[in-house]
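Protein chains in written order, with the working numbering: chain A, 13 to 326; chain B, 13 to 326; chain C, 13 to 326. We put the CB at the ideal spot given by N, CA and C, even for glycine. Computed from a predicted model, the values in this text were never measured in an experiment.
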Amino acid sequence: MSTLYHVLGAKQFDREQLDRLFGSAKEMEQVAVRGGIQRYPNKIMSTLFFEASTRTRFSFESAMHRLGGRVIGTENASQFSSTIKGETLEDTIRIIAGYSDLIVMRHTEIGAAKRAAAVSGVPVINAGDGSGEHPTQALLDLYTIQKEFGGIDGVHIAMIGDLTYGRTVHSLSYLLANYKDVRISFVSPDNVRIPTYVKQYLEEKRVAYEESSDLEALAGSADVFYQTRIQKERFPSLEEYSKAEGKFIIDRKLVDAMKRNALILHPLPRAGEIDTEVDGDPRAAYFRQAQNGLYIRMALIEQCLGGERQGGEG
Amino acid sequence: MSTLYHVLGAKQFDREQLDRLFGSAKEMEQVAVRGGIQRYPNKIMSTLFFEASTRTRFSFESAMHRLGGRVIGTENASQFSSTIKGETLEDTIRIIAGYSDLIVMRHTEIGAAKRAAAVSGVPVINAGDGSGEHPTQALLDLYTIQKEFGGIDGVHIAMIGDLTYGRTVHSLSYLLANYKDVRISFVSPDNVRIPTYVKQYLEEKRVAYEESSDLEALAGSADVFYQTRIQKERFPSLEEYSKAEGKFIIDRKLVDAMKRNALILHPLPRAGEIDTEVDGDPRAAYFRQAQNGLYIRMALIEQCLGGERQGGEG
Amino acid sequence: MSTLYHVLGAKQFDREQLDRLFGSAKEMEQVAVRGGIQRYPNKIMSTLFFEASTRTRFSFESAMHRLGGRVIGTENASQFSSTIKGETLEDTIRIIAGYSDLIVMRHTEIGAAKRAAAVSGVPVINAGDGSGEHPTQALLDLYTIQKEFGGIDGVHIAMIGDLTYGRTVHSLSYLLANYKDVRISFVSPDNVRIPTYVKQYLEEKRVAYEESSDLEALAGSADVFYQTRIQKERFPSLEEYSKAEGKFIIDRKLVDAMKRNALILHPLPRAGEIDTEVDGDPRAAYFRQAQNGLYIRMALIEQCLGGERQGGEG
């Protein structure tokens, strides 16, 4: 199993691997624009979504189809029948691995993807594990910055919203540690601040960061505004949630104060954190970002199926 | 976007377009009978069913596969994850359009398909929007009449059942207005009569119609009996429903009073409105009608993907 | 319809057919190992799961894809929309048969597959009908014994657990009646003993069997230990269930008392009836068994689509 290429967490990627991945994503964009290729007519990808995520699942399934492959999937996490019957994740994965060439998995528990990879006979891609990681989202976020700016070194990024439960923020922070002179401003309500273990990682990697609760103060200085959704379902109580919701909105007024070439990103779906009146602004890059998800996932599938052999995270 | 070909409502079709579509459907029947073709090996159709409809979804997905294409889908309307998270339909469509070449959509709200088409970068086919329209069903209904009778001009059709909430009846009425000397008898309980806006449309188009609550009186004179299901889920209260249910059944006795070459249609599923003892009668055309749905949908997909450029309804 | 090849129940198979099927499964293993073939690029298989079973569905869908075919499916049994609307199974099947070349069906009611086959225009494979039969599971069980031992004649098999509601045990018993000198030990709690009609069938076919509630006593003598899950959802009450649960576990101690070349099978999922500490033992064959499911189902699909014409069970 040790020779399989899994995508489990953001920390497994170094700069060289990122450069290679982004180069591949760029080629994939050309492939997709030309309508796809029949590269893997016999390969089967399983999408195991123990937690529903239509957008992420569609993105992966579209990526596999654009590469000419096949998909078997379950969209209905909570009704995964053998889990209801008491089966362990390990048993499920052992068997599904025998029916497919690649497993894309979303799960409710931190570390689930790593547990899956440990017993799987085929590559596993983590499509989100609870409040743990969501590496493919962070990779497409980073790819978008690279594509829009031509590079990532020296960027000043404001990450806004629920920084405790927002796993994409964690994964993206880890990835950014591979670049030079990056500066991160974590902007959040007090009750959903960035976790200590993320800050410790950044300190180890000598990444400059600061914490703030004043989004306006950053409007004129940051290059990237990475907005996130206040995830109701991740909050322990409704009280905690109502304290956090709606405090850090990106609207017309804020955008007007931004740099000319600033970039507004959001992993989507949004629920009001970015006002729709901003959509037409060229700095609003979130729909281009979602589209980039297709190319990054094509590139990752290619690496998993194409024989890349560099070991997983673990 | 204005050059994309969307299928949003019955009113967008004129006679010439219907003739062309039915000609294409006839060819598609030959294609399907020969087992399908590999016309769109790289094309992806998204089926977004915000409201479950297994039969309609299967019909579209089979049509796409018979044309050699690919499908990504969600069958689980109410669990569409980003909608739960508060995403607008417009955001969802913008992103899904980036992952596919065609969107087939069923939604609970009137006008949803039109809203989707307004922001979609790819063609949208309305597979039913609330109590609004269901144009592809009406097209296959009409195609069945054309196929069985050799033409539609001069036909006398009785539409029976829930005419308030039965959206296929509305769509079919609009389509029939393209033909000459058509006569429509709307037969329904008092509390679910045909809406005024449908009648006004028919008057504008000079289509002869009448309202009735006596199905037996029409048995010997109508050419087509278009039976519909009393849709429990569309009634505001259980009381309203029980007043309507089961009053207008097509049974052996009624069929015996019909013309020799009459046609019994039903959009299906049925729940007792047509007695199964009628199934073996050659006039019972509802299973042939369901089969025609495959050919009509193949023809519509072909028009959407094949570059037909004649603008949508709006 | 009478010339279609359906897979409805274990009793439809005689020894000659089993030999042929197992020969085909062996070839399919080679096909799958080489990555699959494009044998049915235009064929569509419908998976109608009125009761969720992710594993079984994935196994069939993977099998169809490995043969180059296409799949349209529903994973969400209880939400099958036309059923909710009151449609009969017969109506559903008539229509789905018009959209596909093969129907794989799991249902909650005994006899549902046979009812479907009676009206279907395409072959039907029973993927489990209530507490009735699950023939494809039994076929893969039997194939595993044949593959591991080189033959089935003379085998002594202990079937353990819920023998009343465990439909695979019934189907496997019927299949075993085709072989010589087979001996079956039914090991179960008193309240879930093997049904009388299964015993009567075995007596008619002169198969030696016994009933027991002492698993340990058989440890040293049986060749095959066919463990099953105590299926909570099949028990009429929680009381009945708690009486049965957990009484017949296969653990390290029991395995140590088994013959050197004994075989431990389980249709999976398991929920504790086989201790995971046993997984590494070469006698633990349940994951190899699950993998064999792919090959058996490829062989069955091949028979259904490839023109095998020997009539169904009925």
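Check	Outcome
Can the beta-carbon of A/PRO281 be found less than 8 Å from the beta-carbon of B/GLU102?	no
Using 10 angstroms around the beta-carbon of A/GLU216, count the other beta-carbons present and answer buried if the total reaches 16, otherwise exposed.	exposed
Could you tell me which residues DSSP pairs with B/TYR191 in its beta bridges?	Beta-bridge pairing links B/TYR191 to no other residue.
Using a Cβ-Cβ distance cut-off of 8 Å, determine whether B/GLU73 contacts chain C.	yes
Starting from C/ARG82, follow the beta strand (DSSP E) in both directions and report where the run begins and ends.	82-86
A/LEU280 touches chain B at which residues, Cβ-Cβ below 8 Å?	SER94, GLU99, ASP103, ILE107
Less than 8 Å between CB atoms is the rule here; does B/THR156 satisfy it with respect to chain C?	no
Among the residues of its own chain, which have a CB less than 6 Å from the CB of C/LEU33, if the five just before and after it don't count?	ALA311
Could you spell out the range, first to last residue, of the beta strand (DSSP E) harbouring A/ASP141?	136-141
Considering only the alpha carbon of each residue, which of B/PHE62, B/GLY80, B/GLN24, B/ALA220 lies closest to B/ALA44?	B/GLY80
For C/GLN239, write down the residues that DSSP places opposite it in a beta bridge.	C/ILE172
Hey, is C/PHE70's beta-carbon within less than 8 Å of any beta-carbon in chain A?	yes
Let me know the secondary structure DSSP gives C/ILE108 once reduced to three states.	helix
Quick check: the Cα distance between C/HIS182 and C/ALA129, rounded to an integer number of angstroms?	21 Å
On a CA-only basis, which of C/SER74, C/GLU121, C/LYS271, C/SER225 is nearest C/ARG295? Give me that one, please.	C/LYS271
Show which residues of chain C have a CB atom less than 8 Å away from the CB atom of B/GLN50.	PRO53, ASN54
For A/VAL219 and B/HIS18, what's the separation of their Cα atoms in angstroms?	50 Å
Output, in sequence order along the chain, the residues in the stretch 209-235 of chain A whose CB is closer than 9 Å to any CB in chain B.	none
Over what stretch of residues does the beta strand (DSSP E) that includes C/GLU223 continue unbroken?	220-224
Any idea what DSSP makes of C/PHE25, helix, strand or coil?	coil
Can you list the residues of chain C that A/SER58 reaches, using a CB-CB cut of under 8 Å?	PHE70
Select from C/ALA297, C/GLY292, C/ASP268, C/ASP287 the residue whose C-alpha is nearest the C-alpha of C/ILE7.	With chain C running from 13 to 326 in the structure shown, residue 7 of chain C is simply not present.
Can you tell me where the alpha helix (DSSP H) holding A/VAL267 begins and where it ends?	264-268
Would a check of beta-carbon distances place B/ARG82 closer than 8 Å to chain A?	yes
What residue does the alpha helix (DSSP H) around B/VAL167 start on, and which one ends it?	Element bounds for B/VAL167: n/a, residue is neither H nor E.
Looking at the strands, I want to know which residues DSSP matches up with C/HIS119.	C/ASP141
Can you tell me whether A/GLY323 is buried or exposed, with buried defined as 16 or more other CB within 10 angstroms of its CB?	A caution first: A/GLY323 carries a pLDDT of 39, below 50, which makes its placement in the model too unreliable to give a value.
Anything in chain A within Cβ reach of C/PHE62, meaning under 8 Å, just list it in chain order.	Simply none; closest approach about 12 Å.
For C/ALA234, which residues in the same chain have their Cβ closer than 6 Å to its Cβ, ignoring the five residues on either side in sequence?	HIS168, ALA170
Per DSSP, C/SER58 is paired with what?	C/ILE84, C/ILE115
Do you know offhand how far A/LEU114's Cα is from C/GLY133's?	35 Å
Hey, A/ARG332 and A/HIS146 are a contact pair by Cβ (cut 8 Å); roughly how many whole angstroms apart?	Residue 332 of chain A cannot be examined here, being either before or after the span of chain A that is shown, 13 to 326.
Sorted by chain position, which residues of the same chain lie with C-beta nearer than 6 Å to A/MET40's C-beta, five sequence neighbours on each side aside?	TYR307, MET310, ALA311
Nearest to C/GLY232 by alpha carbon, out of C/ALA274, C/ILE206, C/LYS159?	C/ALA274
Can you name, in chain order, every residue of its own chain whose Cβ lies under 7 Å from the Cβ of B/ASP193, other than the five neighbours on each side?	ASP165, GLY166
Taking only three categories from DSSP, how would you classify B/ALA296?	strand
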